[in-house]
Amino acid sequence: MSHAPARPLRAVRSGPLRGAVSIPGDKSVSHRALMLSALAIGESRIEGLLESEDVMATAAAMRAFGAKVARGADGIWRVAGVGTGGLLEPEAAIDFGNAGTGARLTMGLAAAHDFATTFVGDASLSRRPMGRVLQPLREMGADVLARSGDRLPLTLRGAEAMAPIAYRVPVPSAQVKSAVLLAGVNIEGVTIVVEPVATRDHTERMLAGFGAEIEVAAGGTGETVIRLQGLPKLRPQHVVVPGDPSSAAFLIVAALLVKDSDLLVRNVLLNPGRTGLLTTLREMGADLAIENERSSGGEQVGDVRARGSDLRGVVVPAERAPSMIDEYPVLAVAAAFASGRTEMLGLGELRVKESDRLAAVARGLAANGVVCEEGPASLSVDGGGVPGGGTVPTHLDHRIAMSFLVMGLASDRPVEIDDIAMIATSFPNFLDLMRGIGAAFEEGPGATALSAAAETD
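Each residue of the sequence shown is one higher than the one before, starting from 1 at the first, in full-length UniProt numbering.
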């Protein structure tokens with residue numbers, strides 16, 4: 001596979017970030033909307049779908065399984081589904097590019113069908129372990145042929161008679177839970193998932209919205225027990241995808257760090273399983289307000305206003321990690337500017353993301369003069385300001401790229417990342433949107449600034 005040349009970019013200290021912006025649709029909801037629409041009988045409509053490379057890979061996968069998926073001239077996506085248990089065998093390998101969520105959740109769908117599906121991906125995805133998802137699927141009867149360490153490329157074949165299971169998720173992971181539920185919805189019987197620590201619940205909410213018989217209840221010692229009846233007749237839906245809080249995080253943190261900023265981010269998903277970053281930033285002293293809070297499609301949404309703030313270091317408890325796992329890179333950037341030390345605990349999941357995010361963040365901070373300490377599942381950051389001037393390897397990870405571009409907007413010297421190409425996997429218009437609110441970037445060695453934002457102090 002050929003790759004375009006790397007495109008480095010520098011973020012330059014900027015003046016106030018101001019305006020009101022809308023962000024792309026939530027990636028987690030977008031993936032699931034396509035998948036459940038493909039399992040419904042009839043045509044579903046999806047409004048506000050995130051049109052990123054990751055989500056387009058999932059759309060292509062649903063086509064490969066026999067669903068009709070198309071974007072209308074009105075921007076609404078229409079999906080004609082094939083019914084639960086009715087997916088067709090793909091004619092070729094399915095390429096998920098960099099889409100870990102799409103690949104892992106689709107494994108659940110494929111595992112429940114008596115045919116072979118081959119999964120491939122880019123260099124980053126091919127390094128990521130899939131064993132935690134594949135283990136329960138094997139217990140349900142699926143066969144897996146994979147590289148050592150259960151890595152892509154791999155071929156998964158469902159059995160003629162798959163069996164539902166009761167599965168206790170060993171570590172907090174919405175992807176593992178969702179893969180089991182998506183397999184269970186396609187096979188006869190009751191599938192049970194037990195979560196010792198609750199994770200984002202988009203799959204459960206959307207299954208209920210499409211008409212599945214699903215029950216979520218509290219078990220002993222604070223655990224969550226999910227019971228799903230297999231092979232329901234899912235009804236087509238009109239899904240309105242709210243704005244992605246993980247994408248909003250970059251704009252919110254940037255506005256907090258750049259002096260005198262005042263930014264409104266519209267239509268942000270406020271699912272309780274996704275608001276850990278907002279909680280943490282408030283504890284750090286952030287000037288944040290939720291405006292126009294409302295319910296849409298079974299999810300809470302609202303507009304988030306962020307103003308320039310003086311932050312202070314805090315301890316972020318391990319139990320909060322599932323509600324903000326994708327936001328730790330940009331939280332670490334915020335911590336670098338906060339007074340005192342910020343300690344982030346329970347970060348083991350960051351080791352198996354698009355990159356080893358924990359190591360990548362620690363190295364990026366150190367490259368820009370920030371004192372930090374990386375533990376096996378923790379990160380401590382001594383704040384007080386960022387000298388900047390460093391170059392950060394992104395390791396093909398979109399969240400590393402965007403986090404350190406945010407850092408450069410408030411650092412003493414510019415911060416450079418080695419490539420911007422992978423940002424399109426989740427936030428295709430990130431740079432244009434940031435320039436529109438006043439962020440300054442420079443592209444290539446010696447290039448002039450690409451925006452009319454305030455000059456470097």
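We put the beta carbon where it would ideally sit given N, CA and C, even for glycine.
Where residue i and residue j are concerned, what is the direct C-alpha to C-alpha distance, given to the nearest angstrom?
i, j, result
"M56", "V240", "17 Å"
"M422", "I226", "35 Å"
"L270", "L263", "17 Å"
"M35", "R413", "45 Å"
"L450", "R127", "Caution applies to L450, whose pLDDT of 32 falls short of 50 and renders its modelled position unreliable; the value that the coordinates give is listed next. About 34 Å."
"P164", "G102", "22 Å"
"M402", "E188", "43 Å"
"T224", "A4", "45 Å"
"E91", "A64", "7 Å"
"M1", "G121", "Below a pLDDT of 50, predicted positions are generally treated as unreliable, and M1, at 38, falls in that range; the measurement from the model is reported next regardless. So the two alpha carbons sit approximately 10 Å from each other."
"R7", "M206", "38 Å"
"A255", "A198", "30 Å"
"P170", "V29", "24 Å"
"residue 469", "G141", "Here the chain covers residues 1 to 457 and nothing more, so residue 469 does not appear."
"D397", "R312", "28 Å"
"E283", "T191", "39 Å"
"R18", "G72", "33 Å"
"A338", "V406", "14 Å"
"A366", "S411", "13 Å"
"G346", "E442", "36 Å"
"V301", "G25", "12 Å"
"A93", "S148", "19 Å"
"P236", "S323", "29 Å"
"T67", "A335", "The identity of residue 67 in the sequence shown is Ala, whereas the question assumes Thr. Approximately 45 Å between the Cα atoms of the pair."
"A111", "A286", "45 Å"
If the criterion is Cβ atoms closer than 7 Å, does the pair residue i and residue j meet it?
i, j, result
"S37", "V79", "yes"
"R132", "V185", "no"
"D303", "E291", "yes"
"V361", "M344", "no"
"S22", "R266", "yes"
"L156", "T117", "yes"
"A33", "L409", "no"
"T342", "V371", "no"
"G308", "V268", "no"
"T106", "A60", "no"
"P428", "S261", "no"
"A40", "L234", "yes"
"G298", "G436", "no"
"residue 458", "V253", "No answer is possible for residue 458: it lies beyond the span of the chain, which begins at 1 and ends at 457."
"K27", "L50", "yes"
What are the start and end residues of the beta strand (DSSP E) that includes residue i?
i, result
"E373", "V371 to E374"
"M344", "R341 to L345"
"T117", "A116 to V120"
"R312", "Run containing R312: none; DSSP gives neither H nor E here."
"L49", "No beta strand (DSSP E) contains L49, which DSSP labels as neither H nor E."
"A11", "L9 to V12"
Where DSSP assigns a beta bridge to residue i, which residues make up the other side?
i, result
"L264", "A20 and R305"
"G25", "G243"
"L256", "Beta-bridge pairing links L256 to no other residue."
"V216", "I226"
"A135", "Residue 135 is actually Gln in this sequence, not Ala. Q135 pairs with nothing; no bridge assigned."
"T391", "E416"
"Y328", "Paired residue(s): none; Y328 is not in a bridge."
"residue 458", "As displayed, the chain neither begins before 1 nor continues past 457, which places residue 458 out of reach and without an answer."
Tell me the residue span of the alpha helix (DSSP H) that contains residue i.
i, result
"Q237", "Element bounds for Q237: n/a, residue is neither H nor E."
"V190", "Here V190 belongs to no alpha helix (DSSP H); instead the beta strand (DSSP E) covers V190 to E195."
"P153", "No alpha helix (DSSP H) holds P153; the beta strand (DSSP E) holding it covers R151 to R157."
"L358", "R357 to A367"
"E283", "G276 to E283"
"residue 470", "Outside the shown range of the chain, which is 1 to 457, sits residue 470, and nothing can be said about it."
"A111", "G100 to A111"
"E204", "H202 to G209"
"D382", "Looking at the DSSP string, D382 is not in any alpha helix (DSSP H); the run it does join, the beta strand (DSSP E), is S378 to D382."
"V176", "A174 to G184"
"F430", "F430 to I437"
For residue i, which residues from the same chain have a beta carbon less than 7 Å from its beta carbon, with the 5 sequence-adjacent residues on both sides left out?
i, result
"M434", "none"
"E374", "L358, A359 and A362"
Quick check on residue i - is its C-beta less than 7 Å from some C-beta in chain B?
i, result
"D356", "Absent here is chain B; the protein component of the structure consists of one chain."
If you drop the 5 nearest sequence neighbours on each side, which residues of the same chain put their C-beta closer than 6 Å to that of residue i?
i, result
"E215", "R227"
"V193", "Y167, K177, V180 and I226"
"L134", "V144 and D150"
"A20", "L264"
"H395", "S355 and A360"
"A452", "With a pLDDT of 29 at A452, under the threshold of 50, the predicted position of this residue should be treated as unreliable, though the coordinate-derived value follows. There are no such residues."
"A248", "I23, V265 and V268"
"G389", "R413"
"T391", "E416"
"P196", "E223"
"A146", "L154"
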